[in-house]
Amino acid sequence: QVQLVESGGGLVHPGGSLRLSCAASGSIFSINAMGWYRQAPGKQRELVASITTAGSTDYADSVKGRFFITDTWSKDQNMVFLQMNSLKPEDTAVYYCSARDLFVYWGQGTQVTVSS
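Just so you know, we're using the numbering used here here: the sequence shown kicks off at 24 and counts up by one.
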C-alpha cells in the first residue's frame with residue numbers, strides 16, 4: 024500500500040504561481056511512476072504531468088512550458104512536486120497526486136483556484 028498526502032493548493036491571481044507537494048509513504052519501493060491529475064467541475068479527470076523513477080517526464084499540452092514536475096527519493100518517503108507558473112483561470116481544478124505500481128493510488132486532492 025502507498026499513502027499519498029498533497030499540499031500547496033490555494034487561490035492565486037492569473038499569471039501567478041503555485042507549488043504543489045505530494046508525500047508518498049508506505050510501500051514506495053514498488054512505485055514506478057508518479058503524477059499529477061486534475062479534475063475541474065463537470066469535466067473528467069485528466070493527466071497534468073507524470074514522472075517515472077527513471078526521470079522521464081510527460082506533460083499535458085495545455086501546461087507544457089508552464090508546469091514542471093520534479094521528485095526526490097529517500098528510503099522512507101518520496102516527494103513529488105508540481106511547480107505551476109503563469110496560471111490561467113482554466114487551470115482551476117482539484118489536483119490529485121497519483122502513484123503507480125501494480126495498482127494506482129490517489130491522494131485526497133487539493134483545490135487550486137485561479138481567479139482575479
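Cβ atoms here follow ideal geometry from the backbone N, Cα and C, with glycine treated the same way.
How long is the line joining the alpha carbons of residue i and residue j, rounded to whole angstroms?
| i | j | result |
| --- | --- | --- |
| Gly130 | Arg89 | 23 Å |
| Asp94 | Gly78 | 9 Å |
| Gln106 | Ile92 | 6 Å |
| Leu41 | Thr133 | 12 Å |
Based on DSSP bridge pairs, tell me the residues matched to residue i.
| i | result |
| --- | --- |
| Ser73 | Gly58, Asp81 |
| Val117 | Gln62, Gln134 |
| Gly33 | Val135 |
| Asn101 | Ala47, Trp96 |
| Leu110 | Per DSSP, none; premise fails for Leu110. |
| Gln26 | Ser48 |
What are the boundary residues of the beta strand (DSSP E) that residue i is part of?
| i | result |
| --- | --- |
| Arg42 | 41–49 |
Is DSSP giving residue i helix, strand or coil here?
| i | result |
| --- | --- |
| Phe91 | strand |
| Phe126 | coil |
Inter-stretch contact (C-beta, 8 Å, three-pair minimum) for the stretch 60–67 and the stretch 114–128
With contact defined as three or more Cβ pairs closer than 8 Å, the stretch 60–67 and the stretch 114–128 are in contact.
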